[in-house]
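Those letters in the sequence shown? Residues -16 to 215, per the numbering used here, in order. Using N, Cα and C, we set each Cβ at its ideal position, and we do this for glycine too.
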Amino acid sequence: MTEKLIKMSVTTRIRNNFLAGLIICAPIAITLWLTWSVVHWADSWVRPYIPARYDPESYLNFAVPGTGLVIAMIFITLVGFLAKNLIGQSIVRFGESIVNRVPLVRTIYKSVKQIFETVLKEQGTSFKKVGLIEYPSPGLWSMVFISTDAKGEIASKFNAMGQDMVAVFLPPTPVPTAGFLVFVPREKITVLDMSPEDGAKLLISGGLVAPDYKELIATKELRQPVPMKSLT
(Lines of atoms letter the chains of each structure in order from A and count residues from 1; the text may use other names and numbers.)
(Lines give C-alpha, C1' and ligand atoms only; values in the text may rest on other atoms or scores of the structure.)
Protein backbone atom coordinates (compact mmCIF):
# COMPACT_ATOMS: atom_id res chain seq x y z
CA MET A 1 0.00 0.00 0.00
CA THR A 2 2.82 2.38 0.91
CA GLU A 3 4.67 1.55 -2.31
CA LYS A 4 1.52 2.29 -4.30
CA LEU A 5 1.13 5.66 -2.58
CA ILE A 6 4.77 6.49 -3.35
CA LYS A 7 4.22 5.67 -7.03
CA MET A 8 1.09 7.83 -7.10
CA SER A 9 2.95 10.64 -5.39
CA VAL A 10 5.78 10.50 -7.94
CA THR A 11 3.28 10.42 -10.81
CA THR A 12 1.41 13.38 -9.35
CA ARG A 13 4.61 15.40 -8.97
CA ILE A 14 5.64 14.62 -12.55
CA ARG A 15 2.22 15.66 -13.82
CA ASN A 16 2.24 18.87 -11.79
CA ASN A 17 5.73 19.73 -12.99
CA PHE A 18 4.70 19.06 -16.58
CA LEU A 19 1.64 21.28 -16.25
CA ALA A 20 3.71 24.03 -14.63
CA GLY A 21 6.21 23.84 -17.48
CA LEU A 22 3.38 23.82 -20.02
CA ILE A 23 1.90 26.99 -18.52
CA ILE A 24 5.28 28.71 -18.93
CA CYS A 25 6.28 27.31 -22.32
CA ALA A 26 2.95 27.33 -24.17
CA PRO A 27 2.39 31.13 -24.14
CA ILE A 28 6.02 31.72 -25.19
CA ALA A 29 5.81 29.15 -28.00
CA ILE A 30 2.47 30.47 -29.27
CA THR A 31 3.73 34.08 -29.18
CA LEU A 32 6.87 33.17 -31.10
CA TRP A 33 4.87 31.15 -33.62
CA LEU A 34 2.37 33.96 -34.22
CA THR A 35 5.17 36.52 -34.53
CA TRP A 36 7.06 34.35 -37.00
CA SER A 37 3.86 33.71 -38.98
CA VAL A 38 3.19 37.45 -39.30
CA VAL A 39 6.80 38.12 -40.35
CA HIS A 40 6.74 35.27 -42.88
CA TRP A 41 3.37 36.39 -44.25
CA ALA A 42 4.59 39.98 -44.71
CA ASP A 43 7.82 38.79 -46.34
CA SER A 44 5.94 36.53 -48.76
CA TRP A 45 3.84 39.47 -49.93
CA VAL A 46 6.45 42.23 -50.04
CA ARG A 47 9.74 40.51 -50.92
CA PRO A 48 8.78 39.63 -54.54
CA TYR A 49 8.40 43.37 -55.28
CA ILE A 50 11.77 44.40 -53.82
CA PRO A 51 14.39 45.05 -56.54
CA ALA A 52 17.38 42.73 -56.24
CA ARG A 53 19.79 45.60 -55.62
CA TYR A 54 17.79 46.65 -52.54
CA ASP A 55 17.29 43.13 -51.20
CA PRO A 56 19.71 42.39 -48.30
CA GLU A 57 19.81 38.71 -49.27
CA SER A 58 21.48 39.69 -52.54
CA TYR A 59 24.55 40.78 -50.57
CA LEU A 60 24.39 38.31 -47.68
CA ASN A 61 24.73 34.55 -47.61
CA PHE A 62 21.78 34.07 -45.30
CA ALA A 63 18.10 35.00 -45.16
CA VAL A 64 17.04 38.19 -43.38
CA PRO A 65 13.53 37.61 -42.02
CA GLY A 66 11.42 40.68 -41.37
CA THR A 67 12.61 42.74 -44.33
CA GLY A 68 9.17 42.66 -45.90
CA LEU A 69 7.51 43.59 -42.62
CA VAL A 70 9.79 46.60 -42.10
CA ILE A 71 9.22 47.81 -45.66
CA ALA A 72 5.46 47.33 -45.28
CA MET A 73 5.45 49.39 -42.06
CA ILE A 74 7.49 52.16 -43.72
CA PHE A 75 5.13 52.15 -46.72
CA ILE A 76 2.02 52.35 -44.50
CA THR A 77 3.57 55.20 -42.50
CA LEU A 78 4.35 57.12 -45.69
CA VAL A 79 0.80 56.59 -46.95
CA GLY A 80 -0.54 57.95 -43.67
CA PHE A 81 1.77 60.96 -43.90
CA LEU A 82 0.72 61.72 -47.47
CA ALA A 83 -2.96 61.21 -46.69
CA LYS A 84 -2.83 64.05 -44.14
CA ASN A 85 -1.93 66.76 -46.64
CA LEU A 86 -4.24 68.34 -49.19
CA ILE A 87 -2.95 66.46 -52.23
CA GLY A 88 -3.10 63.12 -50.44
CA GLN A 89 -6.64 63.77 -49.24
CA SER A 90 -7.68 64.58 -52.79
CA ILE A 91 -6.19 61.31 -54.03
CA VAL A 92 -7.94 59.35 -51.27
CA ARG A 93 -11.29 60.98 -52.06
CA PHE A 94 -10.83 60.25 -55.75
CA GLY A 95 -10.01 56.60 -55.02
CA GLU A 96 -13.00 56.27 -52.69
CA SER A 97 -15.29 57.80 -55.32
CA ILE A 98 -14.23 55.04 -57.71
CA VAL A 99 -14.73 52.33 -55.08
CA ASN A 100 -18.18 53.70 -54.22
CA ARG A 101 -19.33 53.02 -57.77
CA VAL A 102 -18.81 49.26 -57.40
CA PRO A 103 -21.76 47.84 -55.37
CA LEU A 104 -20.20 44.83 -53.61
CA VAL A 105 -16.74 46.36 -53.22
CA ARG A 106 -18.30 49.55 -51.86
CA THR A 107 -20.09 47.69 -49.08
CA ILE A 108 -17.02 45.70 -48.05
CA TYR A 109 -14.74 48.76 -48.17
CA LYS A 110 -17.03 50.93 -46.05
CA SER A 111 -17.52 48.20 -43.46
CA VAL A 112 -13.80 47.44 -43.14
CA LYS A 113 -12.90 51.14 -43.03
CA GLN A 114 -15.46 51.84 -40.31
CA ILE A 115 -14.17 48.95 -38.21
CA PHE A 116 -10.56 50.14 -38.46
CA GLU A 117 -11.52 53.75 -37.72
CA THR A 118 -13.43 52.65 -34.64
CA VAL A 119 -10.73 50.31 -33.31
CA LEU A 120 -7.69 52.47 -34.09
CA LYS A 121 -9.17 55.87 -33.31
CA GLU A 122 -6.92 57.50 -30.68
CA GLN A 123 -9.76 59.12 -28.75
CA GLY A 124 -12.20 56.26 -29.29
CA THR A 125 -14.62 55.31 -26.56
CA SER A 126 -15.15 51.68 -27.53
CA PHE A 127 -14.53 48.88 -25.09
CA LYS A 128 -13.03 50.93 -22.27
CA LYS A 129 -15.15 49.26 -19.60
CA VAL A 130 -16.45 45.81 -18.74
CA GLY A 131 -19.83 45.13 -17.22
CA LEU A 132 -22.46 42.55 -16.34
CA ILE A 133 -26.05 42.32 -17.57
CA GLU A 134 -28.84 39.90 -16.74
CA TYR A 135 -28.84 37.65 -19.78
CA PRO A 136 -30.22 35.34 -21.13
CA SER A 137 -32.83 35.36 -18.33
CA PRO A 138 -33.33 37.02 -14.93
CA GLY A 139 -30.87 35.70 -12.37
CA LEU A 140 -28.31 34.68 -15.02
CA TRP A 141 -25.51 37.15 -15.68
CA SER A 142 -23.31 37.61 -18.74
CA MET A 143 -20.15 39.66 -19.13
CA VAL A 144 -20.22 42.40 -21.75
CA PHE A 145 -17.88 45.05 -23.11
CA ILE A 146 -19.43 48.50 -22.84
CA SER A 147 -19.19 50.21 -26.20
CA THR A 148 -20.91 53.59 -26.33
CA ASP A 149 -24.19 55.43 -25.84
CA ALA A 150 -26.90 54.75 -28.39
CA LYS A 151 -26.46 57.14 -31.31
CA GLY A 152 -28.27 58.40 -34.38
CA GLU A 153 -31.70 57.07 -35.22
CA ILE A 154 -31.53 54.41 -32.51
CA ALA A 155 -30.84 57.04 -29.84
CA SER A 156 -33.69 59.17 -31.18
CA LYS A 157 -36.15 56.27 -30.92
CA PHE A 158 -35.07 55.42 -27.39
CA ASN A 159 -35.19 59.08 -26.31
CA ALA A 160 -38.75 59.30 -27.60
CA MET A 161 -39.58 56.38 -25.31
CA GLY A 162 -37.78 58.06 -22.41
CA GLN A 163 -35.08 55.41 -22.21
CA ASP A 164 -31.34 55.97 -21.74
CA MET A 165 -29.73 53.08 -23.58
CA VAL A 166 -26.12 51.94 -23.90
CA ALA A 167 -24.66 49.72 -26.62
CA VAL A 168 -22.79 46.70 -25.28
CA PHE A 169 -21.00 43.85 -27.02
CA LEU A 170 -21.89 40.37 -25.78
CA PRO A 171 -19.15 37.96 -26.96
CA PRO A 172 -19.14 34.15 -26.75
CA THR A 173 -16.61 31.95 -24.97
CA PRO A 174 -13.83 31.07 -25.70
CA VAL A 175 -13.49 32.84 -29.09
CA PRO A 176 -14.76 36.43 -28.76
CA THR A 177 -14.51 37.22 -32.47
CA ALA A 178 -18.28 37.14 -32.90
CA GLY A 179 -21.14 38.09 -30.67
CA PHE A 180 -24.23 40.23 -30.23
CA LEU A 181 -24.78 43.97 -30.14
CA VAL A 182 -27.27 44.58 -27.35
CA PHE A 183 -28.83 47.89 -26.29
CA VAL A 184 -29.31 47.86 -22.53
CA PRO A 185 -30.78 50.46 -20.16
CA ARG A 186 -27.93 52.24 -18.39
CA GLU A 187 -29.23 51.35 -14.93
CA LYS A 188 -29.31 47.66 -15.86
CA ILE A 189 -25.53 47.51 -16.37
CA THR A 190 -23.27 46.57 -13.47
CA VAL A 191 -19.91 48.18 -14.25
CA LEU A 192 -16.83 46.16 -13.24
CA ASP A 193 -13.45 47.49 -12.12
CA MET A 194 -11.44 45.14 -14.34
CA SER A 195 -9.90 46.38 -17.58
CA PRO A 196 -11.07 45.14 -21.00
CA GLU A 197 -7.80 43.17 -21.24
CA ASP A 198 -8.58 41.34 -17.99
CA GLY A 199 -12.15 40.84 -19.17
CA ALA A 200 -10.89 39.25 -22.38
CA LYS A 201 -8.63 36.90 -20.40
CA LEU A 202 -11.54 35.89 -18.19
CA LEU A 203 -13.72 35.32 -21.23
CA ILE A 204 -11.20 33.33 -23.29
CA SER A 205 -10.26 31.12 -20.33
CA GLY A 206 -13.88 30.31 -19.59
CA GLY A 207 -13.65 31.95 -16.16
CA LEU A 208 -10.44 30.19 -15.10
CA VAL A 209 -8.16 33.24 -15.31
CA ALA A 210 -9.57 36.05 -13.18
CA PRO A 211 -7.79 39.31 -12.24
CA ASP A 212 -6.63 39.84 -8.67
CA TYR A 213 -9.50 41.70 -6.98
CA LYS A 214 -7.26 43.25 -4.30
CA GLU A 215 -5.06 44.70 -7.01
CA LEU A 216 -8.16 46.03 -8.79
CA ILE A 217 -9.33 47.75 -5.62
CA ALA A 218 -5.88 49.26 -5.02
CA THR A 219 -5.83 50.55 -8.59
CA LYS A 220 -9.36 51.93 -8.25
CA GLU A 221 -8.41 53.90 -5.15
CA LEU A 222 -5.75 55.69 -7.17
CA ARG A 223 -8.28 56.80 -9.75
CA GLN A 224 -10.77 59.59 -9.51
CA PRO A 225 -14.37 58.40 -9.19
CA VAL A 226 -16.27 58.13 -12.47
CA PRO A 227 -19.93 59.26 -12.40
CA MET A 228 -22.53 56.64 -13.25
CA LYS A 229 -23.68 58.71 -16.22
CA SER A 230 -20.30 58.25 -17.88
CA LEU A 231 -20.27 54.55 -18.62
CA THR A 232 -18.37 55.03 -21.87
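Of the residues the options, the one placed nearest residue i, counting alpha carbons only
i: P119; options: P34, P154 and H23; result: P154
i: E117; options: R(-2), W16, F64 and V151; result: V151
i: Y37; options: V22, I54 and W24; result: I54
i: Y196; options: L175, D26, G51 and G122; result: L175
i: V149; options: K184, K112, L185 and P159; result: K112
i: S188; options: V158, S178, I172 and P179; result: V158
i: D181; options: D132, Q72, G114 and A133; result: G114
i: A133; options: F166, T173 and G190; result: F166
i: L164; options: T173, T131 and K93; result: T131
i: V29; options: P194, L5 and I57; result: I57
i: P168; options: A183, I137, G190 and N83; result: I137
i: G122; options: V(-7), Y42, L5 and K171; result: K171
i: L52; options: G78, L65 and T18; result: T18
i: F110; options: F77, A183 and Y42; result: A183
i: L191; options: T156, A161, T173 and V75; result: T156
i: E79; options: N68, I70, K93 and L69; result: K93
i: W124; options: T173, A66, L15 and T(-6); result: T173
Which residues DSSP lists as bridging residue i, in chain order
i: A133; result: DSSP output for A133 lists no bridge partner at all.
i: I116; result: S125
i: T173; result: L115
i: F166; result: A150
Residue i CB to nearest heavy atom of the ligand GDP below 8 Å
i: A25; result: Looking at this structure, you won't find the ligand GDP or any other ligand, since it has none at all.
Supposed close pair residue i, residue j - CB separation, criterion 8 Å
i: F128; j: P179; result: 6 Å
i: L186; j: A193; result: That pair is no contact at about 11 Å.
i: D26; j: T50; result: 6 Å
Fill in: Cβ pair count under 8 Å reaching 3, the region 131 to 150 against the region 82 to 91
Fewer than three beta-carbon pairs drawn from the region 131 to 150 and the region 82 to 91 are found closer than 8 Å, and the two stretches are therefore not classed as touching.
Fill in: Contact the region 27 to 41 vs the region -4 to 12: 3+ CB pairs below 8 Å
Taking one beta carbon from each stretch, the region 27 to 41 and the region -4 to 12 have fewer than 3 pairs nearer than 8 Å; the two do not touch.
Worksheet entry | Inter-stretch contact (C-beta, 8 Å, three-pair minimum) for the region -10 to -1 and the region 15 to 30 | No, they do not touch.
Discussion item. In chain order, what are the residue ranges of uninterrupted alpha helix (DSSP H) at least 4 long that sit wholly in the region 29 to 78?
Written reply: Within the region 29 to 78, the complete alpha helix (DSSP H) runs of at least 4 residues are 50 to 66.
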